[in-house]
Amino acid sequence: MALPVRTRPKRPWLPWVRLGLMIVAVVGAGWGALELGHRYLGLQKLTIEAITITGCRGERLAELQTLVDARCKGRPLFWFDADGLRRELESRRWVKGLILRRDPPDRLSLVVEERKPLLWLVRTSGVYLISDDGIVLDRASAGNLDPVPVVADPSSQSDEALVRLIRAATALRDRQLDFYERLAELRWSPKGPVAFLEGLEAPIYLSRQDPTRNIPNFQAIFLEQFSDPAVRARARYFDLRWEVEGGYVAVGNLDLEEAPANEAKTD
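Here you go:
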């Protein structure tokens, strides 16, 4: 008579249990080795003890330092919530970008890219800084009075006009910095961007297509012919819109509808 064959019941979960036990053993052994190293060999723990932030200063630096210290100090260098920290920092309007670097054994480094103020926007609700990508940054305060041009004319503050002025100001800042730094105000008119310099009441009409056109010629003529305040006060306008042979600049009558023929023409 044949004996019955006994078979073991299948346990599909057994390999996973073994794998879990193996992982626990490896992690435990690693943790034990680290603790022994910390206690007897002088090895440092991979926890955040020092945090450095560069790329900003003043109140902004103090704000970020306080926030990052509270979130990260004493946390494991490679196990803290870096994505959450990045989202929280970049939620601030003035933070354009962030580079986060871990420097073992205990240092966390952050490099902040700030949005740079391009224009002051003066409205009845307050005065605001605007960056070159159109982001409204901060209200005016004693700590952020940057010397940038003002947009105060209400007709220049519509969305379309403001976008055009931001483009014009960006071109002037990037390609004619000396001129941009002397600007007191920018406006938008049917003829294009209009600039006002400190100490000069006459408007300067810039090209709609290329706001930097003829600016070197204007600066040369201004120094040669309009350094005297009495002469400068008689100029009613400077028109830099025209591409004239020799790079001439028109001065005087604003009713020109074609390129002027002579340099520094006054009425």
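If you read the sequence shown in our numbering, its first letter stands for residue 4, the second for the next number, and so on. Each residue gets a CB set at the ideal place from its N, CA and C atoms; glycine is no exception.
Rounded distance between the beta-carbons of residue j and residue i, thought under 8 Å
i, j, result
"Leu-80", "Pro-107", "6 Å"
"Gly-195", "Arg-244", "7 Å"
"Ala-172", "Asp-109", "That pair is no contact at about 44 Å."
"Thr-215", "Ala-174", "6 Å"
"Ile-169", "Leu-122", "7 Å"
"Leu-67", "Val-139", "About 20 Å separates the two Cβ atoms, so there is no contact after all."
Reduced DSSP secondary structure (H/G/I, E/B, other) of residue i
i, result
"Ala-143", "coil"
"Glu-188", "strand"
"Pro-196", "strand"
"Asp-242", "strand"
"Ala-253", "strand"
"Val-151", "coil"
Nearest candidate by alpha-carbon position, reference residue i, set the options
i, options, result
"Glu-117", "Ser-159, Cys-59, Arg-142", "Cys-59"
"Glu-188", "Glu-93, Thr-215, Ala-174, Ser-159", "Ser-159"
"Val-125", "Val-151, Ala-155, Gln-228, Cys-75", "Ala-155"
"Pro-152", "Arg-90, Tyr-131, Gln-222, Val-27", "Tyr-131"
"Val-197", "Tyr-240, Leu-226, Pro-120", "Tyr-240"
"Asp-136", "Asp-149, Val-98, Val-114", "Val-98"
"Arg-96", "Leu-113, Trp-123, Arg-63, Ile-224", "Arg-63"
"Leu-103", "Ser-94, Ala-65, Asp-86", "Asp-86"
"Leu-111", "Leu-49, Gly-129, Asp-231", "Leu-49"
"Asp-149", "Pro-120, Ile-224, Arg-167", "Pro-120"
"Arg-211", "Asp-231, Ile-56, Ser-192", "Ser-192"
"Thr-127", "Leu-113, Ser-134, Pro-157, Phe-225", "Pro-157"
Distance cut-off 7 Å: residue i Cβ against heavy atoms of the ligand NAP
i, result
"Phe-83", "This structure simply doesn't include the ligand NAP, nor any ligand for that matter."
Notebook entry, point to check: Whole beta strand (DSSP E) runs in the stretch 51-133 with 3 or more residues, listed along the chain?
Noted result: 53-57, 98-106, 110-117, 120-126
Margin query: Using a Cβ distance threshold of 8 Å, determine whether the stretch 174-189 contacts the stretch 136-145, with at least three qualifying pairs required.
Written below: no
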